[in-house]
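Only one structure is covered here, and it is reproduced in the block below.
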Amino acid sequence: MPYELFLAIRNLRTRRSRRLTRITAVVAVSGIAVGVGALIVALALANGFRDEMRDKILRGTAHLNVMRVDGRPIGDYRTVARRIGGIKGVVNASGTTYDGVVISGPSGSSYAVLRGLDRESQAARGELEKLVTEGTVAPLFEPKEGELREIVLGGELASRSGLRVGDVAEIFSVNPSNTSAEPVRRLARVAGTFRTGLFEYDSTWIYLALDLATALSGAVDRVSVISLQVNDIYNVKEIAATVQATLGSEY
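Be aware that the sequence shown starts at 114, since it is given in this note's numbering, and climbs by one per residue.
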């Protein structure tokens with residue numbers, strides 16, 4: 114019999130004349146058990162909250178972002194993305210953009226962030242499909258000609274601007290290549306709405322096809338960022354060092 118177990122049994126099974134000692138031992142063990150149980154519950158709640166926040170944040174952002182050192186758009190981004198995708202630990206690499214615009218609907222206008230999605234990226238499509246609460250994301254990944262294109266916007270942004278699935282929204286963007294600095298106006302049909310669970314994303318983000326996003330920003334067929342998804346988010350520093358060593362000092 115282990116010494117600890119022997120000692121515990123000996124203290125709990127004392128003679129009648131030492132009943133107070135046995136009661137004291139039971140109370141002490143019970144108190145420790147309650148304290149340990151409360152600590153386990155508190156740690157479980159804290160870890161659950163941390164994991165939930167982490168997952169929500171990473172739904173809308175990349176694990177790593179690759180940009181040029183000089184801040185200029187990346188031209189041959191698909192070739193760069195393929196080079197990055199071959200690095201061990203990288204699950205997906207695709208070009209994207211983050212541009213500020215003003216979107217206008219029946220209830221008013223609101224600031225928004227356009228995020229362009231490469232239609233060749235199945236990972237980006239799969240992630241967005243998980244978040245859609247109304248409508249569909251399919252039109253964003255289908256080739257389409259013409260002026261009227263589709264967008265998917267956050268649920269809070271849709272409520273604020275009064276836009277619903279099927280409505281046509283006005284998007285105003287300042288094109289840096291336009292010397293007159295007049296805003297570029299485009300019309301887009303709402304194909305769906307999404308919710309990530311984070312108000313910052315749901316109230317400002319708009320997803321649309323990458324070619325339309327680059328056209329609005331004036332950097333046609335060029336992206337500002339290449340977004341990476343990795344298999345271990347706690348290993349991003351090592352993967353980032355490998356990516357930088359692969360691409361060189363330009364990035």
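For each residue, glycine too, the CB sits at the ideal point set by N, CA and C.
Backbone secondary structure at E165 - three-state DSSP: Counted from its first residue, the sequence shown places residue 165 at position 52. In this structure, E165 counts as helix in the three-state DSSP scheme.
Cβ-Cβ distance between R302 and E351 below 7 Å: Taking the sequence shown and counting its residues from 1, one reaches residue 302 at position 189. Taking the sequence shown and counting its residues from 1, one reaches residue 351 at position 238. With respect to E351, R302 sits apart: the two C-beta atoms are not nearer than 7 Å.
Whether L253 touches A322 by CB criterion (7 Å): Walking along the sequence shown from the start, residue 253 turns up at place 140. Walking along the sequence shown from the start, residue 322 turns up at place 209. Taking 7 Å as the cut-off, the beta carbon of L253 is found closer than this to the beta carbon of A322.
Length-filtered (4 minimum) alpha helix (DSSP H) runs lying within the segment 246 to 274: Unbroken alpha helix (DSSP H) stretches of 4 residues or longer found wholly inside the segment 246 to 274: 268 to 274, given in chain order.
Minimum C-alpha distance to T317 - residue among F162, I284 and A121: Here residue 317 corresponds to residue number 204 of the sequence shown, with the count starting at 1. Minimum Cα-Cα distance from T317 among the listed residues F162, I284 and A121 corresponds to I284.
Classification of V149 by the beta-carbon crowding that lies within 10 angstroms, buried from 16 upward: Translated into positions along the sequence shown, residue 149 becomes position 36. So V149 counts as exposed.
Reduced DSSP category for G198 - H, G, I as helix; E, B as strand; rest coil: Counting from 1 along the sequence shown, the entry for residue 198 is found at position 85. In the structure shown, G198 adopts helical secondary structure according to DSSP, grouped into three states.
Own chain residues within Cβ distance below 8 Å of T359, not counting five before or after: Counting from 1 along the sequence shown, the entry for residue 359 is found at position 246. For T359, the CB contacts under 8 Å within the same chain, skipping 5 residues up- and downstream, are R196, I197 and I200 in chain order.
Nonlocal neighbours in the same chain, by C-beta distance under 6 Å from R308, ignoring five residues either side: The sequence position of residue 308 within the sequence shown is 195, counting from 1. Short of 6 Å from the beta carbon of R308, and not among the five residues preceding or following it, lie these beta carbons of its own chain, in chain order: T246, G268 and D315.
Sequence-distant residues of its chain with Cβ nearer than 8 Å to N178 (five each side left out): As a first step, residue 178 must be located in the sequence shown, where it is residue number 65. For N178, where only same-chain residues beyond five positions count, the Cβ hits under 8 Å are V338, I339, S340 and L341.
Separation of R299 from V211, as counted between CA atoms: On the sequence shown, residue 211 is found 98 positions in, with the first residue counted as 1. On the sequence shown, residue 299 is found 186 positions in, with the first residue counted as 1. Contrary to the premise, residue 211 reads as Tyr rather than Val in this sequence. When rounded, the distance between both Cα atoms is 17 Å.
For Q235, the residue or residues it bridges with in DSSP: As a first step, residue 235 is located in the sequence shown; it is residue number 122 there, counting from the start. For Q235, no pairing in a beta bridge is given by DSSP.
Exposed unless 16 or more other CB atoms sit within 10 angstroms - verdict on L241: As a position in the sequence shown, residue 241 is number 128, starting the count at 1. Buried: at least 16 other Cβ atoms inside 10 Å.
Counted within 10 angstroms of its Cβ, other Cβ atoms place A141 as buried (16 or more) or exposed: For this step, residue 141 is matched to residue 28 along the sequence shown. A141 sits exposed, since fewer than 16 C-beta atoms from the chains shown fall within 10 Å of its C-beta.
CB of A225 within 7 Å of CB of S207, strictly: Taking the sequence shown and counting its residues from 1, the one referred to as residue 225 is at position 112. Taking the sequence shown and counting its residues from 1, the one referred to as residue 207 is at position 94. Pairing A225 with S207 gives a Cβ-Cβ distance that is not under 7 Å.
Inter-residue spacing [alpha-carbon to alpha-carbon] between G275 and L329: For the purposes of this step, residue 275 is identified with residue 162 of the sequence shown, where counting begins at 1. For the purposes of this step, residue 329 is identified with residue 216 of the sequence shown, where counting begins at 1. Rounded to whole angstroms, G275 to L329 spans 23 Å at the Cα level.
Local conformation of S340 per DSSP, three classes: Within the sequence shown, the letter at position 227 stands for residue 340. Correct three-state label for S340: strand.
Exposure label - I122; buried when at least 16 CB within 10 Å: For the purposes of this step, residue 122 is taken as residue 9 along the sequence shown, with counting starting at 1. Residue environment for I122: exposed (fewer than 16 other C-beta atoms within 10 angstroms of its C-beta).
Local Cβ density within 10 Å of R228, reported as buried at 16 or more and exposed below that: Mapped onto the sequence shown, residue 228 falls at position 115. Buried, by the Cβ-count rule.
First through last residue of the beta strand (DSSP E) which encompasses L325: Against the sequence shown, residue 325 aligns to sequence position 212. In the DSSP annotation of this structure, L325 is not part of any beta strand (DSSP E); the continuous alpha helix (DSSP H) holding it starts and ends at L323 to S330.
Contacts around N105, its chain only, beta-carbon distance under 7 Å, and the 5 residues preceding and following it disregarded: Nothing about residue 105 can be read from this structure; the chain reaches only from 114 to 364.
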